[in-house]
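Line by line, the protein sequences are chains A, B and C.
Read in UniProt numbering, the first sequence has 209 at position 209, and its numbers run on one by one without any break.
Read in UniProt numbering, the second sequence has 591 at position 591, and its numbers run on one by one without any break.
Read in UniProt numbering, the third sequence has 545 at position 545, and its numbers run on one by one without any break.
Ideal Cβ placement from N, Cα and C applies to all residues, glycine included.
Single-structure report; data block below.
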Amino acid sequence: MRWPKGLDGLCYGGDYNPEQWPEEVWREDVALMREAGVNLVSVGVFSWARLEPVEGSYDFGWLDRVLDLLHEGGVRVDLATPTASPPPWFSLAHPDALTVTADGARLSHGSRDTYCVSAPAYREASARIARVLAERYRDHPVLAMWHVHNEYGTWCHCDHVAAAFRTWLRGRHGTLEALNDAWTTSFWSQYYSAWEQIMPPRATQYLPNPAQVLDFRRFLSDEMLGHFREQKAILRELTPDVPVTTNFVFGDWVPVDQWKWAQEVDLVAIDHYPSENPPEETAFAADLARGWAGGRPWLLMEQAVVTYTGPRMVAKRPGEITRLSLSHVARGSRGAMFFQWRASRGGAELWHGGMVPHAGPDSRIFREIRDLGNLLPALAEACRDPVEAPAAILWDTEAGWALQSPGFPSTGIGYLEAVRQAHRVLYRHGVTADFVHPSADLSGYELVIVPSLYLISEDAADNLRRYADGGHGTLVVSFLSGIADEHARIRVGGYPGALRGVLGVRVEEFLPIGEPVTLDTGDTASLWTERVHLAGAEALARYPDGTPAVTRHGRAVYVSTRLSDDAYARLLGLGSPAPVELVRRGEWLFAINHGGGERKIPGNLLLPPGGYAVAKVPRPG
Amino acid sequence: MRWPKGLDGLCYGGDYNPEQWPEEVWREDVALMREAGVNLVSVGVFSWARLEPVEGSYDFGWLDRVLDLLHEGGVRVDLATPTASPPPWFSLAHPDALTVTADGARLSHGSRDTYCVSAPAYREASARIARVLAERYRDHPVLAMWHVHNEYGTWCHCDHVAAAFRTWLRGRHGTLEALNDAWTTSFWSQYYSAWEQIMPPRATQYLPNPAQVLDFRRFLSDEMLGHFREQKAILRELTPDVPVTTNFVFGDWVPVDQWKWAQEVDLVAIDHYPSENPPEETAFAADLARGWAGGRPWLLMEQAVVTYTGPRMVAKRPGEITRLSLSHVARGSRGAMFFQWRASRGGAELWHGGMVPHAGPDSRIFREIRDLGNLLPALAEACRDPVEAPAAILWDTEAGWALQSPGFPSTGIGYLEAVRQAHRVLYRHGVTADFVHPSADLSGYELVIVPSLYLISEDAADNLRRYADGGHGTLVVSFLSGIADEHARIRVGGYPGALRGVLGVRVEEFLPIGEPVTLDTGDTASLWTERVHLAGAEALARYPDGTPAVTRHGRAVYVSTRLSDDAYARLLGLGSPAPVELVRRGEWLFAINHGGGERKIPGNLLLPPGGYAVAKVPRPG
Amino acid sequence: MRWPKGLDGLCYGGDYNPEQWPEEVWREDVALMREAGVNLVSVGVFSWARLEPVEGSYDFGWLDRVLDLLHEGGVRVDLATPTASPPPWFSLAHPDALTVTADGARLSHGSRDTYCVSAPAYREASARIARVLAERYRDHPVLAMWHVHNEYGTWCHCDHVAAAFRTWLRGRHGTLEALNDAWTTSFWSQYYSAWEQIMPPRATQYLPNPAQVLDFRRFLSDEMLGHFREQKAILRELTPDVPVTTNFVFGDWVPVDQWKWAQEVDLVAIDHYPSENPPEETAFAADLARGWAGGRPWLLMEQAVVTYTGPRMVAKRPGEITRLSLSHVARGSRGAMFFQWRASRGGAELWHGGMVPHAGPDSRIFREIRDLGNLLPALAEACRDPVEAPAAILWDTEAGWALQSPGFPSTGIGYLEAVRQAHRVLYRHGVTADFVHPSADLSGYELVIVPSLYLISEDAADNLRRYADGGHGTLVVSFLSGIADEHARIRVGGYPGALRGVLGVRVEEFLPIGEPVTLDTGDTASLWTERVHLAGAEALARYPDGTPAVTRHGRAVYVSTRLSDDAYARLLGLGSPAPVELVRRGEWLFAINHGGGERKIPGNLLLPPGGYAVAKVPRPG
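Encoded structure:
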């Protein structure tokens, strides 16, 4: 992790798109930024067409003036390479660099992200604009950080991608025989006798090959990472001291393996847009970001001043902007950034909200933005010690991808839902959790939860066995874990495959259900049940037919069904719910009352509705 | 407005497609038409392939015989140019003239409307068949009117369209700089440095540019209007005395700006197919048609003998065909026409119904058709005076298009729903409303309603200000009005933008809601709320938090939420609901009882269930 | 019907895909097959890419070893031609042989069934691999039967298909004039003046031509049948004594007219995967298969060990595998086969289940498979006499296709639902039904049901008239029967068209409904009502307005609405429901208790819950 030089304390600001406004607005912007305590803005994320309006012809004048103004105003810049949206002239000159959908439609420009990451022309143009930008601003004192691209995640299925996919597959599998074996191509006559026969998973007649789809997501992640690394190398060469990052985005569709990417960025940064339950989603996203960052600081690069639910944009309640930002900071973010500084008056996201809303600075939103900006500097001290987490939840992006295949025994399963439940139950009981990779050192945790880790390597399975056998703490594994190897091939002989030994069970059949059932413990179980045989384990709870539902083998617990949240909490022995959100960092306790009532918190403090405290509170006991 | 010479009184008839039937049926058709009082039929709407079965080779024999037969039978003809459906030979010879979808699929012939209005070959072929047709029948006495094309509204995204769109954009914006500014292309790197970079809004990676989409709909409207005008010029040249029209169709997807088109047609004609509530939808459509026609007569060109709801075709109740036709006539239609004369026995719309159903003339439907035909001539006198409307509702097709953009703060908003509510509330209270353009002279109305007029020019805003300030009557503006300029760019500084002054309010935030709330008046408000600051206005109703919900500033009322229909009626001071549908034209009162009970109407008349009256009734008071 | 030589009694086994497993597994497979009583397996269904990994280069070694092992183990082989899934090298060499969707997207390989049946290259390659396979194994004693292709049903819309469609249309219609008339191309200007103008029903602007769509399904069926016949001719030439079959699959989308195909296969075979109500769906499918087979034996080629409902795979209850297999056998299947022998560990259908599940032979599933295998040989004697069925239900694949057109007066109608209701009501009352073609000799049946036979020829209508007038039994016709001729053109003058005479009614209007209504009999009617005039018939039940709903004319009953199941049963005079599933074959009675209670059956036997009996039981009375 690298941190921008000269940028002490916490970052505060957002995406700043001055090119959408006349220059007279820029001066008001900088004055308002000063008023709001803004110290960092992301500039140029979508500016390619304004920086290079014609191929090879650059217009840096406006950006020069913007950066100088910001510098004068004391605001540092997270300068973006604008490669997420190539200009119209580029697409017109290189139609082969436009995205192609799975069913062969070549997309048009006119939105954003209209590129193919494998297209040679796009790669060249990306490197060129990154170099030109770095050469121009390498010595500008306003430059704090590089923001490469934006929210990597664009799928393409064109012939460039096909060629790159084949190259990647050669690297991964070595030989065609190995690939045929890994992909089980004997099924449905898919055996490949030459590399050029292999295609991306394009639209096809019926179900696709799940191993091919999984490898394609791995490939896309690596392919985009290659694009990132090319830019990073240029930026490193020209500005060796400036950290380089990109902003991760959440979503089932995102083909980015953050574990791998986190090794390449100088600072993990995320964009986070909660929808249903902002406090819980915020804690989840922040803990995940901290996990990707290996426990080191990271940065909330984008959030919004409103909440985007599916059917509507809900205004954040008074203080909510601050509370959610505080939750991010408590969980390791080195600041709170927004999309975007000033709400747009045109373009596709003109309703997206901004720190300065359409109504202008004379508005509740801007006043809250200003208040938050005044609060943040005071929090720096409380952020020095690391976040303390007694529990770990295993997270594996690849396993989640594998579980998105069509054809599973129930359409109700989902990796994210399984992981979220584990996190939610801990969160509601005040237990902070780290997200860790399956191969991580687990010995420091009292509790390790493995939610539906469908795909697991033998090494990772050994890691879990060592944890449980080593007496470090309790291992809790839920259904659909351990089933498949890295090529999504099922381990036969009895589920849960690689984890049968450590769990002391053998599962004979999956029995997904529609209506919930009641276990002999009185707990409710839904979605999924199994026919479990004890093979060393004892039953902690049983299905109505008397067969085991939850088992324990030494310190390894197996949950063969989806428990209700309450039952899950009881199984984990979590006691009563926490009064408010609580995060401890050394002597400091962060307490945030997202709810509507007055709450008593550790240290005998009273938090009013919507209140928060960051205080030195001795550990209980 | 021009009216067919020699066609006095009201028109009665429908689409007549004799080419689907053997000649022996034609004679029965004409006999039945006479029996039913039919005096006008639309012929040849989809006859191109039968008129020109091979390129340049015409077969007019059958049409000659049909027209002669109709003439002998005393039925006049609204003769169609058949350009809505080019023949298969045309598509095969000119595949570039087939429609291309937004995602690049070129559609096949085999349905109807399979053409690109911008394809040169299609334009040429359209002009040629129109000329040939006019040359052949210019002197036929049966010819009453020209029916150009059918239900204009076909979208295309092909390269011909792209080229035409660019030409149109040059005309509209003049320079690329103006276009870039109007479209806010600085957002997402969409800046265009050459005209050829601009594309129609084809399938793209993510959200499209709303200004581009809006201009594309304007372009499509103008492009199709160009096609209409080309044919009109030919027909005018050859038959200077014959009126030329086309039939407007309703639907969110229709890219036709009827205000512009109404200037070009000799007679506004509409096709109307209600679904949920036929009487209310009929009044709405008829008032809209009268608005487009500038208050002059217009023509209901198509209706059906059944009601098409989504899940099924519901038979019209006894008398319903007459009552709905009467409603159209009362509101300004110079007749009642149907699709179609005789229900088809094959083809895609064989279940569409007809004046002569599959069962033949010995049927309830044909008997009702005959009764209606016998009634209509008696109504001509009552139709001499104009429809009287004390209220006006602003209608702007472009504003409605703009409100269809994705990304609004609530997915529940809709222009049509907002306009329909205003009309529905007036209708149910017996208040006839005109639909008028935002720039229309409003001084004659007691009440002007502006429902969700999202996009408004400064001139139109001035027009509203003059109306309210002039003391002519009450101006009622509902939420999401006045927000954007003609390029769909938001007016910043506070909503409702251009209408802040006249309304005396400043809105700081939009607060869309899920569950309804109750105002301090006891009224129910749903979907949408706002944070309203009074700036001269007073509050008429307040939200639960005490902030203003409905305000009044002089005679200008602002409604920042969706009121229930009842609350809306109370706000407008409408009194009790009308007993039946009532329309006044001078001394004549049209009264239609669509419901199931006996109703007392002005003039101390009693209308039985399903009954109607057209009578001279003195004005009350 | 031909039966494999040397394969006495009932077949037992499933699809066997040894190429997915290492050779050491093969020996375990054969040992387990012997243990389970397996005597027939389908081999090679998807093996093309492993048999011909490079064009013209064959690898039969593995298959030689597999067949030898099976032969040694006493298991016979239903050897598949692998043409359902061409290898990747084929698609790469012949991209024109890949499927094209209706909107013009060319599908990729990477699944199964990625071919165009009209592509010359595919036809040639199919014939070649079939010949090579037959030449190699013609004398292998393990060869019992040929399994051509798999589940025919792939649609394609490419230019090869277009050309073949035109050729087929010439054969069917003779002249363009006849085609234009049959298709009612006068509607919407679709008149064809040259054959090359005719296209498959590709994506088009609006509704397609229903006659074109219907002919396209007929064409696809014939085109695939041509592919089948080419292979059959090769196999017959090389192995004149080996029966040739293919496996029919169920589904609204399947373009296979089984009546025609049944004439070409040596043995009717079906794949059956019930979803909602397995016992009823099994009886339905089995009776249909027996119908296609003309009452002769047929074969259940595929079933699963689990039930695939939409949202999940439900484990079959204890004994359910046996009960459903027994139902198939009772209703004429010469065995019970499964997909597949051993559950796959990779590939798209790795969760599809198998006779040997992932858990291996130490599992409930395999134990039930073994039990079933031990039971089947004892049933051969009971299967000698034909299945006895007093009732017939008319089934016409083409009529079902015609009823799938868009635009019917109700979206709730469906051919399959209408037929299923008739069958379900009989099934629940213990009445076995045959499915028969509309032209079949009906004189032997006490009851003939005609559910929604929309499309009917005059000959078939005469056949029904002869049945009813001949006093053979009761004819029950339900709504939407007799309406259209073979070109889907409506018979005008009054519904139900061709059946007006025999039914003694004239229907004037269709009146589809949303909410159910109650007839004067107290019965409930839903979905559809009609305005029925008696023309010789008497009313058996009336709508609330007093018009006839159900009528009788001699022995011909007309049902103009959808009756509830109970009302349907009362109308048919069916008495009380049967206690269990009952099928009689001569002296033998098959009784299967699918339910949860003890049931008394004919012969004074008691069946425990889930029990079954195959016993000589004298006929009642």
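Check: Whole angstroms are fine: how far does the CA of residue 194 of chain A sit from the CA of residue 481 of chain A?; Outcome: 34 Å
Check: At a CB-CB cut-off below 7 Å, which residues of chain A make contact with residue 66 of chain C?; Outcome: Under the 7 Å cutoff, chain A gives no residues; its nearest Cβ is about 12 Å from residue 66 of chain C.
Check: Just checking: is the beta-carbon of residue 280 of chain B within a distance shorter than 8 Å of some beta-carbon in chain C?; Outcome: no
Check: Using a beta-carbon distance cut-off of less than 7 Å, what residues from the stretch 494-528 of chain C approach chain A?; Outcome: none
Check: State buried or exposed for residue 57 of chain C, treating a residue as buried only when at least 16 other CB atoms are found within 10 Å of its CB.; Outcome: exposed
Check: Looking at residue 561 of chain A and residue 525 of chain A, is the spacing between their C-beta atoms short of 8 Å?; Outcome: yes
Check: How far does the alpha helix (DSSP H) with residue 594 of chain A in it reach, from first residue to last?; Outcome: Note, residue 594 of chain A: premise wrong, no alpha helix (DSSP H); not H, not E.
Check: Given that a residue counts as buried once 16 or more other Cβ atoms are within 10 Å of its Cβ, and exposed if not, what is residue 335 of chain C?; Outcome: buried
Check: Could you list the residues in the stretch 88-116 of chain B with a C-beta less than 7 Å from some C-beta on chain A, going in chain order?; Outcome: 103 and 104
Check: Does residue 66 of chain C come out as helix, strand or coil in the three-state DSSP assignment?; Outcome: helix
Check: Tell me the start and end of each unbroken beta strand (DSSP E) in the stretch 134-169 of chain C that is at least 3 residues and wholly inside, in chain order.; Outcome: 143-148
Check: Residue 247 of chain A by DSSP, collapsed to three states: which one?; Outcome: strand
Check: Quick one: what's residue 548 of chain C bridged to in DSSP?; Outcome: C:542
Check: By the criterion of Cβ-Cβ separation under 9 Å, what are the contact partners of residue 211 of chain C in chain B?; Outcome: 346 and 347
Check: Is residue 456 of chain C close to chain B, meaning its C-beta is less than 8 Å from at least one C-beta of that chain?; Outcome: no
Check: Please work out which residues of its chain come closer than 8 Å, Cβ to Cβ, to residue 279 of chain A, disregarding the five sequence neighbours upstream and downstream, and give them in chain order.; Outcome: 323, 324, 327, 581, 592 and 594
Check: Work out the CA separation of residue 160 of chain C and residue 64 of chain C for me, nearest whole Å.; Outcome: 36 Å
Check: For residue 196 of chain A, which residues in chain C fall below 8 Å Cβ to Cβ?; Outcome: 92
Check: Taking residue 389 of chain B as the reference, which of B:366, B:396 and B:330 has the closest Cα?; Outcome: B:330
Check: Which one of C:138, C:98 and C:20 has the shortest CA to CA distance from residue 77 of chain C?; Outcome: C:138
Check: What residue does the alpha helix (DSSP H) around residue 5 of chain C start on, and which one ends it?; Outcome: It is not in any alpha helix (DSSP H) - residue 5 of chain C carries neither H nor E in the DSSP assignment.
Check: From which residue to which residue does the alpha helix (DSSP H) around residue 221 of chain C run?; Outcome: 210-238
Check: With burial defined as no fewer than 16 other Cβ atoms inside 10 Å of the residue's Cβ, what is the status of residue 424 of chain B: buried or exposed?; Outcome: buried
Check: Closer than 8 Å between beta carbons: that is the criterion. Which residues of the stretch 5-27 of chain B meet it against chain C?; Outcome: 17, 19 and 20
Check: Strictly by DSSP, which residues pair up with residue 455 of chain A?; Outcome: A:484
Check: Have a look at residue 597 of chain B and residue 277 of chain B and give me their C-alpha separation to the nearest angstrom.; Outcome: 17 Å
Check: What does the alpha-carbon distance come out to for the pair residue 128 of chain B and residue 134 of chain B?; Outcome: 10 Å
Check: Which residues in chain B have a C-beta closer than 7 Å to the C-beta of residue 313 of chain A? List them in chain order.; Outcome: 409 and 512
Check: For residue 292 of chain C, which residues in the same chain have their Cβ closer than 6 Å to its Cβ, ignoring the five residues on either side in sequence?; Outcome: 258, 262 and 268
Check: For residue 521 of chain B, which of helix, strand or coil comes out of DSSP?; Outcome: coil
Check: Need the endpoints of the beta strand (DSSP E) that residue 474 of chain A sits in, please.; Outcome: 474-478
Check: In the DSSP assignment, find the beta strand (DSSP E) that holds residue 286 of chain C and state where it starts and stops.; Outcome: Element bounds for residue 286 of chain C: not the beta strand (DSSP E) but the alpha helix (DSSP H), 278-292.
Check: So residue 394 of chain C is in the alpha helix (DSSP H); what residue range does that whole segment cover?; Outcome: Here residue 394 of chain C belongs to no alpha helix (DSSP H); instead the beta strand (DSSP E) covers 391-394.
Check: Skipping 5 residues on each side, what residues in its chain have a beta carbon closer than 7 Å to that of residue 387 of chain A?; Outcome: 290, 331, 332, 432, 583 and 585
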